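Heads up: the sequence lines are chains A and B, in that order.
Sequential numbering from 235 applies to the first sequence in the working numbering.
Sequential numbering from 2 applies to the second sequence in the working numbering.
Virtual Cβ for every residue (Gly too), placed ideally from N, Cα, C.
Predicted model, so just to flag it, every value in this text is computed and none were measured.
Notes follow the structure.
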Amino acid sequence: EAAVTQSPRNKVAVTGGKVTLSCNQTNNHNNMYWYRQDTGHGLRLIHYSYGAGSTEKGDIPDGYKASRPSQENFSLILELATPSQTSVYFCASGVGLTQNTLYFGAGTRLSVL
Amino acid sequence: GDSVTQTEGPVTVSESESLIINCTYSATSIAYPNLFWYVRYPGEGLQLLLKVITAGQKGSSRGFEATYNKETTSFHLQKASVQESDSAVYYCALGSNNNAGAKLTFGGGTRLTVRP
């Protein structure tokens, strides 16, 4: 079965510190995505990628960078973490442009103190 | 921009009762949107519950149904008789099919609790 694995599952960071959230997929999907989920908001798209070496800005990219070094891995990087980035982050992979069905990881709960 | 509005939770119903979670959408940048319901069970990631890509059609899965109504821009989720195992968070989502990529716009999620 298709699998998307996120690490860590929980993270506590300090303001101004660097945080890297990792995502690995075994689906061989071209597209990968990072979303954040906050109370009162739907999932909001931060960055996405069409394949190894590509990253694209989503709807709320400010304060985040992304890296796609391989088909399987997609990282989200917070260079200078702020308390406003406290959230639950979801990684997802997808087949391609015409399918839209996404496969999600279990989420990473990040607290920035 | 595109947006999705759904029933604010939490919603609590008793087992065997009927359920409806409302979802309306605004697709300003998408001519022919695809519509989805995703579900997130405790401790798990979101998973696809059902999807409909053609207006007027109905999707169904695990006893849930939703009809894509282009006139009312709605995609309400219904189930005739819920079970305790249906307790989860439900997300309505809108998808584009254009060159901007297979991106989804999500509603805020509706937490459902089913009492035994």
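Asked: Reference Y267/A; option with closest CA among A247/A, S321/A, R302/A; Found: R302/A
Asked: Anticipated Cβ contact below 8 Å, Q305/A with N262/A, distance rounded; Found: 7 Å
Asked: Any C-beta of chain B under 8 Å from that of Y323/A; Found: no
Asked: The stretch 237 to 256 of chain A in contact with the stretch 282 to 291 of chain A per 3-pair CB rule at 8 Å; Found: no
Asked: Neighbouring residues, chain A, relative to G110/B (Cβ below 7 Å); Found: G276
Asked: L47/B at chain D interface by Cβ criterion, 8 Å; Found: The structure shown contains no chain D; the protein chains it does contain are A and B.
Asked: CB-CB length for V322/A against T335/A, believed under 8 Å; Found: So it is not a contact: roughly 21 Å between Cβ atoms.
Asked: For E16/B, three-class secondary structure by DSSP; Found: coil
Asked: Range of the contiguous beta strand (DSSP E) that encloses T111/B; Found: 111 to 116
Asked: Rounded separation between Y42/B and V12/B - CA only; Found: 15 Å
Asked: Member of A247/A, Y269/A, S345/A, T249/A whose CA lies at the smallest distance from the CA of D293/A; Found: Y269/A
Asked: Cα-Cα separation between T29/B and G96/B, rounded to whole angstroms; Found: 12 Å
Asked: Neighbouring residues, chain B, relative to L279/A (Cβ below 7 Å); Found: K104
Asked: Exposed unless 16 or more other CB atoms sit within 10 angstroms - verdict on A81/B; Found: exposed
Asked: Euclidean distance between Cα positions of T320/A and V248/A; Found: 11 Å
Asked: Contact test: E306/A Cβ vs the ligand MN heavy atom, cutoff 7 Å; Found: Absent from the structure shown: the ligand MN. Ligands present: none.
Asked: Bridge partners - Q48/B, DSSP secondary structure assignment; Found: V40/B
Asked: For S318/A, three-class secondary structure by DSSP; Found: helix
Asked: K71/B, enclosing beta strand (DSSP E) - first and last residue; Found: Here K71/B belongs to no beta strand (DSSP E), and DSSP marks it neither H nor E.
Asked: Per DSSP, cross-strand counterpart(s) of F338/A; Found: A326/A
Asked: For L78/B: DSSP bridge partner residues; Found: I22/B, A67/B
Asked: Cβ-based contacts, 9 Å cut-off: residues of the stretch 47 to 68 of chain B near chain A; Found: L47, Q48, L49, K52, I54
Asked: Contiguous beta strand (DSSP E) assignments of at least 3 residues, all confined to the stretch 259 to 301 of chain A; Found: 265 to 271, 277 to 283, 299 to 301
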